[in-house]
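> Here it is, the structure, as structure tokens.
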Amino acid sequence: MAAVAIARAEPDKERTVDRQSFFPVSRRAESSLVSLSCTIVYTEPNPDLDFVSLSCRNSLSLICHSSHDRLLPASSCQAGNVTRPVPYQPVSQNDEDSHGQALHTAVPAAALLFPQQWICPKHYVFFYDFKEAIQKSIPYTRFSPQIPHPIPNHRLYLSSDTHTHTIMECKANQLAQLASWLQHASVQRQKSTLHPAAVGRKLPLSARKYQLALMGKTPHVGIIGAGVSGLRCADILAQNGAKVTILEARNRIGGRITQVEVGGHLVDLGANWIHGTEGNPIDQISRISNTTTCEWDGRETIYDTNGKLLDEATTMKLAEWMWTTVDEGFVFSTKNKDSIPPSMSLYDYCCKQLEKTNFTEEEKAACKEFSKFWGAYVGEPVERQSMKFFCLEECIEGTNLFVASTYKNILEHISKSALKHADLQLNSPVVQIHAANRDTSKDRHITIVTEGGKSYQFDDVIVTCPLGWLKKNKSVFNPSLPLRLSSAIDNISYGRLEKIYVTFPRAFWHMPTEHKSASGTGITVANGPNFVPDSDSDKYPPAFTQWLEPTYVEAPSKEGSWNMQCVSLAALPPNCAHPTLLFYIYGPCSDYVVNKIKDMDESSPEYYKFLDSFVRPFYSSLPGYSASSELCKPAAFQASKWISDDYAGNGSYANFQVGLEAGDKDIEAMRLGMGPDRGVWFAGEHTAPFVGLGTTTGAYWSGERAAGQICDLYSLGQLGLGVRKDDSLPTGTPGVMTGNTMFHKGNTTALRATAVLASAVQGQ
């Protein structure tokens, strides 16, 4: 790596350059980004700083100057884990001056580029070193401010001591955008993959004959469904100039995100997890919307099939084996997808792996039962989980977060821009979609008819209805769906995950005991207000409890296996905690419960009595329970009923079941929809990138992808150098990095800038 040359510019001296010459296209350069050195000079004494992280495929050599004795990579400061940095290595004789000590350390490739890692003081100057002999200025527009009030004229300088000394400068608060360019180039080089929202976005060749005819036209786009995908799609389309109308069947927005009160406490009936945090826009939104989220370390309490509490060592042994098997299963499925028989299930794989262990027969039996916990992930028994396509169940890297304060604020943030710019029509179930082939010689409209008889005409339609709804409502489409699309809808299965909330006068199970657990509750705050943990926190039981197939309770169905899982909401942070247990049920068990309660009045004694009789065998086994105590008597119940909800598709979300032969191709077919030929497109969690299937993040990404397809078809949003507009997230949200501007086909600015930065290290 070249030595760092620290360069300064006159604070009042502005540089003006031609944009076009700054962004030369160079695929070779884009793929050559391997290293970067950075010098950070702080202009105020003792800045409140932990560190700043950058990321490349290889580690970055980062030199930092500060009045601090030492600075730490953000990647080593997470969750309070502080590691000692590498000793200082001088770079040049002039490096150690009034700016204080310098520190040289390597930033690992795993370091992320999200705003919570950029912990910066208000006043600073950054210096970067590149092997590049060009000098240009990055425009200030369209950068999300990372610093509330930076000092005027402070700059970020990019310089080199090779050949002609050159400087590349921009505002200090553009640091995060530059970092995202570096990250984008790194990802392209490492994986050659697109941003998740670009997956499936490429238009078919048939689109070319329409694009010229449609260029310059402002389309009227109809979006069916006001869930996460529909709202995100409407947001982007409206910002890029399209006229947007949303037709929503319910009397509310949000789809499978909704909250109710149980015993005076607000809870999520639908989504209540954020699956993976690395590059997850929903995690980013949770942070800026004051949503409290929690991380679970995986520890739990387990009761065996006879209702006996397993000791902590056995519990940890089972959990460790199971998660290791799941991780190995993902690898096995990925490598052998083409040869694994469609009939093989995840349960079959677990049983085969067990035979390779030296476990006792009792331990093997317990492991088999423990493997059934996977049902609560996919909404169906583990015996139905396809091993052939188990690799497609793997989610985003990072932590799975429980949304402690509910999805309410997240939904409000996602919907804000869409509700402002689009025409939302509630109580408008769609019963007919007339979409003939497009004719370039004349205007062609798609006609939508609602249940109330109202008719709408659109240039294009995006259907965001759940997969389960599509399965039961193919007759809505006229002409009929293409055979490949129709079979894809049939092939992908739809899960049956439900929730039962039971709240008590007091959390009798959440009391400190004399026994000191190695795990404590197992829950820590990922985002939310800071609080001082209880000094006896390690004496509380884990927040998660699982009952392996309970032989002491009559099975709700003879179809498949079952077990019970619950989360203690009393273990949540103080601002969210309440004396409530959340039980997860799935598959045939969900069918049994929902069919019993779907016609009951939720305030009736019958409703209370049935749910209490169903969950009492489980909550009564928890520590602190006393049948004679009124504090152990449930105060209220609330159960979800997605299986009986036609608008939810009579289920929860998509999954991959045994017997499936071409699951990946089926998902791709649904992403493509009917495309430009008939003007009907699809979005929703069932069309998401594989890492986002069945999640709110996947729904969000799918809305971005569908909106991008329409933008490409009509050449919408071509502003300046082709930067498409998206002001809701990230550029309109201070402190939030871009979730979609990096993937737009028209947004070549970032790619070209990356090429310049990458070419700086060409030849190293």
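Residue numbers (our numbering): 1 to 764. All residues carry an ideal CB built from backbone N, CA and C; glycine is no exception.
Does the beta-carbon distance from Thr-293 to Phe-402 come in below 9 Å?
yes
> Pull up the distance between the alpha-carbon of Ile-617 and that of His-686, whole angstroms please.
The question names Ile, but residue 617 is Pro in the sequence shown. Those two C-alpha atoms are separated by around 36 Å.
> Look at Thr-325 and Gln-353 and say whether their C-beta atoms are less than 9 Å apart.
yes
> Rounded to the nearest angstrom, how far is the Cβ of Val-476 from that of Val-430, given a contact under 8 Å?
7 Å
> Given a cut-off of 9 Å on the beta-carbon distance, is the pair Asn-427 and Ala-249 in contact?
yes
> Under 7 Å Cβ to Cβ from Ser-343, same chain only, skipping five residues before and after it: list those, please.
Val-658, Gly-659
> From Gly-692 to Glu-369, what does the alpha carbon distance come to, in whole angstroms?
27 Å
> Nearest to Ile-396 by alpha carbon, out of Thr-277, Arg-252, Tyr-619, Asn-409?
Thr-277
> Can you tell me whether Asn-306 is buried or exposed? The criterion is at least 16 other CB atoms within 10 Å of its CB, across all chains shown.
It counts as exposed.
> I need the DSSP call for His-434, collapsed to helix, strand or coil.
Strand.
> So what does Val-463 bridge to, in DSSP terms?
Ile-224, Phe-682, per the DSSP bridge assignment.
> Hey, quick one: how far does the alpha helix (DSSP H) through Phe-332 stretch, first residue to last?
312-336
> Return helix, strand or coil for Glu-295, following the three-state DSSP convention.
strand
> Would you mind stating whether Tyr-592 and Ser-557 have Cβ atoms separated by less than 9 Å?
Contact check for Tyr-592 against Ser-557 passes: the beta carbons are separated by less than 9 Å.
> Kindly list the residues whose CB is nearer than 7 Å to the CB of Arg-232, restricted to its own chain and excluding five residues on each side of it in sequence; keep chain order.
Ile-414, Tyr-700, Gly-703, Glu-704
> Taking 9 Å as the threshold (beta carbon to beta carbon), is Pro-219 in contact with chain C?
Included in the structure is just one protein chain, with no chain C present.
> To the nearest angstrom, how far is the alpha carbon of Ser-640 from that of Val-502?
Using only the alpha carbons, I get a separation of about 12 Å.
> Let me make sure I understand the geometry here. Which of Trp-469, Val-262, Arg-484, Lys-596 has the alpha-carbon closest to that of Gly-495?
Trp-469
> Per DSSP, which residues does Lys-499 bridge with? Please list them.
Tyr-584
> Nearest CA to the CA of Ala-436: which residue from Asp-423, Met-511, Asp-459?
Between Ala-436 and the set Asp-423, Met-511, Asp-459, the nearest pair of CA atoms involves Asp-459.
> To the nearest angstrom, how far is the alpha carbon of Ser-487 from that of Ser-480?
So the alpha carbons of these two residues sit roughly 12 Å apart.
> Starting from Asn-409, trace the alpha helix (DSSP H) both ways and give me its first and last residue.
408-421
> Going by the CB atoms, is the gap between Tyr-407 and Asn-272 shorter than 9 Å?
yes
> If you scan the region 226-299 from start to end, which runs of the beta strand (DSSP E) of 3 or more residues do you find wholly inside it?
243-247, 259-262, 265-268, 273-275, 293-296
> Below 9 Å between beta carbons: does that hold for Gly-255 and Gly-227?
yes
> Here's the rule: buried if 16 or more other CB atoms are within 10 angstroms of the residue's CB, otherwise exposed. What is Thr-360?
exposed
> Going by CA-CA distance only, name the one from Ala-555, His-434, Lys-388, Arg-252 that's closest to Ser-455.
His-434
> Taking only the alpha-carbon atoms, compute the straight-line gap between Lys-474 and Glu-630 and give it to the nearest angstrom.
The alpha-carbon atoms of Lys-474 and Glu-630 are separated by roughly 52 Å.
> Relative to the C-alpha of Leu-247, which residue among Lys-596, Val-449, Gly-329, Glu-559 is closest?
Val-449
> Going straight from the alpha carbon of Lys-471 to that of Thr-697, what length do you get?
23 Å
> Assuming Ile-492 and Ile-667 are in contact, meaning their beta carbons sit under 8 Å apart, how far apart are those beta carbons, in whole angstroms?
About 7 Å separates the two Cβ atoms, so the contact holds.
> When you compare only the Cα positions, how much space is there between Tyr-584 and Ile-462?
32 Å
> Give me the Cα-Cα distance between Asn-400 and Gln-432, rounded to the nearest whole angstrom.
Just so you know, the alpha carbons of Asn-400 and Gln-432 end up roughly 39 Å apart.
> Jot down the residue ranges of each uninterrupted alpha helix (DSSP H) in the region 612-674, minimum 4 residues, whole runs only, in chain order.
Complete alpha helix (DSSP H) runs here, min 4: 663-672.
> Beta carbon of Thr-582, beta carbon of Ile-643: below 9 Å?
According to the sequence as given, residue 582 is Leu; it is not Thr. No.
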